[in-house]
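Student: Structure provided below as structure tokens; questions to follow.
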Amino acid sequence: MLILTCPVCGVTSEETEFHAGGEAHLTRVGPAGDEEAFGDYLFTRENPRGVHFERWRHVYGCGKWFHAARCTTTLEVFGTYSAQTTEPPQAIRDRISQKRPGWIWRDFA
Ligand SMILES: [Zn+2]
Numbered sequence: 013m014l015i016l017t018c019p020v021c022g023v024t025s026e027e028t029e030f031h032a033g034g035e036a037h038l039t040r041v042g043p044a045g046d047e048e049a050f051g052d053y054l055f056t057r058e059n060p061r062g063v064h065f066e067r068w069r070h071v072y073g074c075g076k077w078f079h080a081a082r083c084t085t086t087l088e089v090f091g092t093y094s095a096q097t098t099e100p101p102q103a104i105r106d107r108i109s110q111k112r113p114g115w116i117w118r119d120f121a
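Using this note's numbering, the letters of the sequence shown map in sequence onto residues 13 to 121.
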């Protein structure tokens, strides 16, 4: 079972109280972007086995969006943080590096 903590209101609950919103840290393609870049923005997603960054919404709570860093194989949650960021906080990246030696943050932008 996946247990998440909403960083906005502080409630910790199982995933049924939340709704997954797909991959986090996507960079929007503006009007000057070409069709290939726009297609990638719409349809191309990471699907890693291991560390993944996702958007979640606290639908049965405060209703706010946030980001979660978790492992897709073990469901271990490394941390949740504000959706108003362009990359995971350093503390969460450090926590992942401690638990997954060799892992490094890759900026997908
Ligand atoms: Zn909340």
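Even glycine gets a Cβ: it sits at the ideal position worked out from N, Cα and C.
1) Which value, in whole angstroms, describes the spacing of the CA atoms of A80 and D46?
2) Any contact of the region 19-32 with the region 65-83, i.e. 3+ C-beta pairs under 8 Å?
3) Could you tell me the distance, in whole angstroms, from the CA atom of P100 to the CA atom of L38?
4) Where do the ends of the alpha helix (DSSP H) carrying F50 lie?
5) Kindly list the residues whose CB is nearer than 8 Å to the CB of F50, restricted to its own chain and excluding five residues on each side of it in sequence; keep chain order.
Tutor: The answer reads as follows:
1) Working through the sequence shown from its first residue, we reach residue 80 at position 68. Working through the sequence shown from its first residue, we reach residue 46 at position 34. Rounded to whole angstroms, A80 and D46 show a C-alpha spacing of 30 Å.
2) Remark: three or more beta-carbon pairs, one from each stretch, lie closer than 8 Å, so the region 19-32 and the region 65-83 are flagged as touching.
3) Position 88 of the sequence shown, counting from 1, holds the residue named residue 100. Position 26 of the sequence shown, counting from 1, holds the residue named residue 38. Taking the straight line from one Cα to the other gives about 12 Å.
4) Working through the sequence shown from its first residue, we reach residue 50 at position 38. Counting along the chain, the alpha helix (DSSP H) containing F50 begins and ends at 47-55.
5) Here residue 50 is taken as the residue at index 38 of the sequence shown, counted from 1. Only V41 meet the Cβ criterion.
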